[in-house]
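Asker: Line by line, the protein sequences give chains A and B. If you want the numbering used here, it's the 1-based position in the first sequence plus 1173. If you want the numbering used here, it's the 1-based position in the second sequence plus 337. Where is the CB? At the ideal position from N, CA and C, for every residue including glycine.
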Amino acid sequence: MDENTVSNGNEQDPSKSSRRNFLKNIGLLGAGVTAGAAALYSGDIFEKKKAATGESRVLLTQDNKLVEVDSLEMKALATNPTKMMLEKGREGIPGKRWAMVIDLSKCRNARRCITACQEAHQLKPEQYHLNTLQMQDNAETAPYHMPKNCQHCDNPPCVAVCPVDATYKRGDGIVLIDNERCIGCRFCMAACPYSARIFQWTTPKDAGKHNGEAYNVELNVPQKLGTISKCLFSADRCRDEKLPYCVSACPNGVYYFGDENEDAVTNGTTKETLRLSKLLRDNGAYQLMPELGTKPRVYYLPPKNRLFPFEPSTD
Amino acid sequence: MEKIISDLSHHIRLNKGFFLWMGFLGLALIACLYAYIQQLRYGLGVTGMRDVVSWGLYISNFVFFVASSLIGMLISAVLGLIGMKWVHPITRIAETIAVAFAAVAGLVIVMDMGRPERLAYVFMYARFQSPILWDVTVITTYFVISFLLLLLPMIPDLAVLYKRFGNLPGWLKPVYKALSLNWCNLPEQNRIIRRSIYILLILIIPAALSIHTVTSWLFAFTTRSGWDSTIFGPYFVSGAFVAGTAAVIIAMFFFRKNYKLQDYLTDLHFNNMGKVLVLVAFVYLYFNINEYLVPGYKLKRADAVHLRELMSGQFALIFWLVQVCGLLIPIIMMLFRRMRKPLPLTIISAAVLLGAWFKRYLIVIPTMSHPFLPVQHVPENFKVYTPTLTEIAITLLSFILVLIIITLISKFFPVIPIVETANDKGLDPLKSIES
């Protein structure tokens, strides 16, 4: 019996246990090396961090905040402002979902929104990021004026067809165009059902004056020959926590603009801030051609109870 | 045997007519290049396009070019693979037209770009969600296959011509030697070439269908009235066969007359090509009826505006000329055998080809002119699109390039396959030369 068990043990063990031990040893060795390396590496990082005790500096950030920074942790940024703005412009403003409400019952076709917009974006008088259209849904209903800009669709057909990623949708809902990238194929214009896009067919307005200026993707200026341009929801103003150019310029309280995540929109004329969902619900808000599935970020309030006579536009 | 070789290589020489014709094309090319330089300098504003009609002559011309290039596939692959022997003398003409139009189609699209210097961005920043990328891919593929289908079947011909050079222009000799790839009619060589051509003939069918289907999707993938159609792919493909067949018939007529090929491009070939044209024109007519009657019956608001503009509005004259003189009357005429003789068939084909070009204009411009929302507060030239002279010159530039390519290919290489023609008559030209 004794012999048997011994021999049994002998038969099983020598090969198997030695292989197991070998693997175990390798595993231990590996773990040890990894742990050691990790310790050395973190120690190294700690030493480097400790060393960063130059003098502290007080700096003013781009959004006007004073911050204190260790001088050794400061590093120079890329000095190409166009590139900086292009990178920033791709990201969008964190936590925001911009939305616009246009109250058609208040629009008297003052067209101040248009001039403010054209001024800000260096557009010629016949170039519109925003246009007021004289609408009449059928012969029996009353005519009205409808400001129409880019609808900043959540399912934008223009972005889908762009071959070079020049036009893109940001996290905060804004659809922008990188005019340093645009090849001028105009597929986006063909795809947009709202005719929101324009093209720089000829030399842009005041082209000579803006020569050499850094390109600001959030403002689309300086405008570039042979590329697309359109409404940007005044992305530059959004970044400064201000209302868009058109919204602030309206004398009749037509426009509301704000953040859907906060559920709050502010009227550009009265500066009154309202709950977005309630405004839409109480006033029978609608979107332009929702059947196309584009999911616009611009809402319209119907032209009811107007307190002024309709005046047809002159041209 | 000798007669076939000398008949089919007779046109390969640089005569006075060639220099006059090329000189004319060259001068026209320079004039039109000047127009393009104007466009490069001042932007697309030199054209009649504006923010409403933002795709104009160039894009409709692009569609026409892609359409015309499709014929290579119909003649060589479809008719060739089902064993139609009579197409043999026409295949090279069809492939030449395919290669010329496909090559220039790529340039036409560059002419339409607002920023042609950023062409490389299409590859650097390629977004494959965009149908433009698909179009670039399939047109390149189609061009390569068509080019090979022009080149490979020519190898035995060039070997024959190299060995029995005669009084062809001397500098062509090394070209033929290089391109004939040391062909000496071995069974192994024959096997390889036959198999390669067979594979290419099969490959070119999906490639050809893709180029025009994807081109139609550039329009059908939008929501605009007149483009928002599920049959746009087959509608474009059938229209392409009409345009291409007409182009081949016209080319056949010119080669037959100028290159004295009456014995090889006979009445039979014209008669049969006429039948092919009738067939594809009937298919196209069928798609036309679908394309206009289905929305026309329902008359959704935007569709109603579009159809009214086409049939009784601004575009009515072109529309009815294209449909009646470019499609309906040609179909009826070609049903008669007498009308399928070379001269009448060529005249009919010219009407069909002209109609096909204007048809592309009618597909692109009216839809652009009537977007969903009203066009207001813009100058008059935004509302009504009128091509400018510069724009027309740049469009002509593309046609001149096609003519130059076709002329060069047909002047330096046999227009009609020599070995295949001889084989069809039970002769073997290489053997007869060696013996």
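Counting only beta-carbon atoms, is residue 344(B) nearer than 7 angstroms to chain A?
Answerer: Your numbering for residue 344(B) matches position 7 in the second sequence. It does not: the Cβ of residue 344(B) has no partner Cβ on chain A nearer than 7 angstroms.
Asker: From this set, 597(B), 692(B), 750(B), which residue's C-alpha is nearest residue 622(B)'s C-alpha?
Answerer: Reading the second sequence from its first residue, position 285 is the one you call residue 622(B). Among 597(B), 692(B), 750(B), the Cα nearest to that of residue 622(B) is on 692(B).
Asker: What are the uninterrupted segments assigned as beta strand (DSSP E) that are 3 or more residues long and contained completely in the region 1255-1280 of chain A, given in chain order?
Answerer: Runs found: 1271-1276.
Asker: Kindly say whether residue 469(B), judged by its beta-carbon, lies nearer than 7 angstroms to any beta-carbon of chain A.
Answerer: On the second sequence, residue 469(B) is found 132 positions in, with the first residue counted as 1. True, the Cβ-Cβ gap to chain A drops below 7 angstroms.
Asker: Just to make sure I have the definition right: I need the residues of chain B whose C-beta is within less than 8 angstroms of the C-beta of residue 1368(A). Which are they?
Answerer: Within the first sequence, residue 1368(A) is the residue found at index 195, counting from 1. In chain order: 388, 389, 708, 709, 710, 712.
Asker: Does DSSP put residue 1369(A) in a helix, in a strand, or in coil?
Answerer: The residue given as residue 1369(A) occupies position 196 in the first sequence. In the structure shown, residue 1369(A) sits in coil (DSSP, three-state: anything other than H, G, I, E or B).
Asker: Once you ignore the five residues that flank residue 396(B) on each side, which residues in its own chain have a CB closer than 7 angstroms to its CB?
Answerer: By one-based count along the second sequence, residue 396(B) stands at place 59. Excluding residues within five positions, the ones whose Cβ falls inside 7 angstroms are 449, 701.
Asker: Between 438(B), 355(B), 664(B), which lies nearest to residue 585(B) when the distance is taken from Cα to Cα?
Answerer: Mapped onto the second sequence, residue 585(B) falls at position 248. Looking at the Cα atoms, 438(B) is the closest of the given residues.
Asker: In whole angstroms, what separates the C-alpha of residue 344(B) from that of residue 753(B)?
Answerer: Start at 1 with the first residue of the second sequence, and residue 344(B) comes out as number 7. Start at 1 with the first residue of the second sequence, and residue 753(B) comes out as number 416. Going by the C-alpha atoms only, they are around 10 angstroms apart.
Asker: Give a yes or no on whether the C-beta atoms belonging to residue 1356(A) and residue 458(B) are separated by under 7 angstroms.
Answerer: The residue given as residue 1356(A) occupies position 183 in the first sequence. The residue given as residue 458(B) occupies position 121 in the second sequence. Result yes, Cβ atoms of residue 1356(A) and residue 458(B) sit closer than 7 angstroms.
Asker: Rounded C-beta distance between residue 406(B) and residue 442(B)? I'm assuming under 8 angstroms.
Answerer: Here residue 406(B) refers to the residue found at position 69 of the second sequence. Here residue 442(B) refers to the residue found at position 105 of the second sequence. Indeed, because the Cβ distance is near 6 angstroms, the residues count as touching under 8 angstroms.
Asker: Identify whether residue 467(B) lies in helix, strand or coil by the three-state DSSP scheme.
Answerer: As a first step, residue 467(B) must be located in the second sequence, where it is residue number 130. Correct three-state label for residue 467(B): coil.
Asker: Could you compute how far the alpha carbon of residue 510(B) sits from the alpha carbon of residue 516(B)?
Answerer: Here residue 510(B) refers to the residue found at position 173 of the second sequence. Here residue 516(B) refers to the residue found at position 179 of the second sequence. Going by the C-alpha atoms only, they are around 10 angstroms apart.
Asker: Is there a C-beta anywhere in chain A that falls below 7 angstroms from the one on residue 715(B)?
Answerer: As a working note, residue 715(B) is residue 378 in the second sequence. Judged by the 7 angstroms Cβ criterion, residue 715(B) is in contact with chain A.
Asker: How long is the line joining the alpha carbons of residue 1457(A) and residue 1475(A), rounded to whole angstroms?
Answerer: Position 284 of the first sequence, counted from the start, is the residue given in the question as residue 1457(A). Position 302 of the first sequence, counted from the start, is the residue given in the question as residue 1475(A). Approximately 7 angstroms between the Cα atoms of the pair.
Asker: Round the Cβ separation of residue 1365(A) and residue 1330(A) to the nearest angstrom and send it over; I've been treating them as touching at under 8 angstroms.
Answerer: The residue given as residue 1365(A) occupies position 192 in the first sequence. The residue given as residue 1330(A) occupies position 157 in the first sequence. The Cβ separation is near 6 angstroms, so the contact holds.
Asker: Give me the Cα-Cα distance between residue 341(B) and residue 760(B), rounded to the nearest whole angstrom.
Answerer: Looking up residue 341(B) in the second sequence gives position 4. Looking up residue 760(B) in the second sequence gives position 423. Computed Cα separation, rounded: 11 angstroms.
Asker: Are any of the Cβ atoms in chain A nearer than 7 angstroms to that of residue 761(B)?
Answerer: Taking the first residue of the second sequence as position 1, residue 761(B) is located at position 424. No, residue 761(B) does not count as interfacial toward chain A.
Asker: What does residue 1318(A) pair with, by DSSP beta-bridge criteria?
Answerer: Your numbering for residue 1318(A) matches position 145 in the first sequence. The partner list for residue 1318(A) (beta bridge, DSSP) reads 1307(A).
Asker: Give the single residue among 1481(A), 1438(A), 1240(A) whose Cα lies nearest to the Cα of residue 1229(A).
Answerer: Here residue 1229(A) is taken as the residue at index 56 of the first sequence, counted from 1. Residue 1240(A) is the option with its Cα nearest to residue 1229(A).
Asker: I want to verify the contact list: residues of chain B whose CB lies under 8 angstroms from the CB of residue 1338(A), in sequence order.
Answerer: Here the question's residue 1338(A) lines up with position 165 in the first sequence. Within chain B, the residues near residue 1338(A) are 462, 464.
Asker: If you draw a straight line from the alpha carbon of residue 1285(A) to that of residue 1298(A), how long is it in whole angstroms?
Answerer: Counting from one through the first sequence, the residue named residue 1285(A) turns up at place 112. Counting from one through the first sequence, the residue named residue 1298(A) turns up at place 125. Rounded to the nearest angstrom, the two C-alpha atoms are 12 angstroms apart.
Asker: Out of 526(B), 579(B), 571(B), 539(B), which one is the CA nearest neighbour of residue 688(B)?
Answerer: Locating residue 688(B) in the second sequence gives position 351, where the first residue counts as 1. The candidate whose alpha carbon is nearest that of residue 688(B) is 579(B).
Asker: Do the region 459-474 of chain B and the region 738-754 of chain B make contact, defined as three or more Cβ pairs closer than 8 angstroms?
Answerer: Contact fails: fewer than three Cβ-Cβ distances are below 8 angstroms.
Asker: Beta-carbon of residue 1136(A) versus every beta-carbon of chain B: anything under 7 angstroms?
Answerer: In the structure as shown, chain A starts at 1174 and stops at 1488, and residue 1136(A) therefore has no counterpart that could be examined.
Asker: Give the DSSP-derived three-state secondary structure of residue 1440(A) in the structure shown.
Answerer: Translated into positions along the first sequence, residue 1440(A) becomes position 267. Reduced to three states, the DSSP call for residue 1440(A) is strand.
Asker: In three-state terms, what does DSSP make of residue 1425(A)?
Answerer: Taking the first sequence and counting its residues from 1, the one referred to as residue 1425(A) is at position 252. The answer is coil: DSSP assigns residue 1425(A) none of H, G, I, E or B.
Asker: Is it right to say residue 1402(A) is buried, meaning 16 or more other beta carbons lie within 10 angstroms of its own, or is it exposed?
Answerer: By one-based count along the first sequence, residue 1402(A) stands at place 229. Per the 10 Å Cβ criterion, buried.
Asker: Look at the alpha carbon of residue 690(B) and the alpha carbon of residue 590(B), and state the distance between them as a whole number of angstroms.
Answerer: As a working mapping, residue 690(B) is identified with position 353 in the second sequence. As a working mapping, residue 590(B) is identified with position 253 in the second sequence. Near 14 angstroms, if we compare the C-alpha coordinates of residue 590(B) and residue 690(B).
Asker: Sort 1414(A), 1313(A), 1400(A), 1296(A) by Cα distance to residue 1266(A) and report the nearest one.
Answerer: Walking along the first sequence from the start, residue 1266(A) turns up at place 93. For the residues 1414(A), 1313(A), 1400(A), 1296(A), the minimum Cα distance to residue 1266(A) belongs to 1414(A).
Asker: So for residue 598(B), helix, strand or coil by DSSP?
Answerer: Residue mapping note: residue 598(B) aligns to position 261 of the second sequence, counting from 1. The answer is coil: DSSP assigns residue 598(B) none of H, G, I, E or B.
Asker: Alpha carbon to alpha carbon, what distance is there between residue 749(B) and residue 569(B)?
Answerer: Counting from 1 along the second sequence, the entry for residue 569(B) is found at position 232. Counting from 1 along the second sequence, the entry for residue 749(B) is found at position 412. Cα-Cα distance, rounded: 39 angstroms.
Asker: Check whether the Cβ of residue 603(B) lies closer than 7 angstroms to any Cβ atom in chain A.
Answerer: Against the second sequence, residue 603(B) aligns to sequence position 266. So, not an interface residue.
Asker: CB-CB under 6 angstroms to residue 453(B), same chain, minus the five flanking residues each way: which ones, in chain order?
Answerer: Start at 1 with the first residue of the second sequence, and residue 453(B) comes out as number 116. Here the set comprises 447.
Asker: Could you check the C-alpha separation between residue 1183(A) and residue 1215(A) for me, to the nearest Å?
Answerer: Position 10 of the first sequence, counted from the first residue, corresponds to residue 1183(A). Position 42 of the first sequence, counted from the first residue, corresponds to residue 1215(A). Below a pLDDT of 50, predicted positions are generally treated as unreliable, and residue 1183(A), at 46, falls in that range; the measurement from the model is reported next regardless. Each residue's Cα considered, the two are about 47 angstroms apart.
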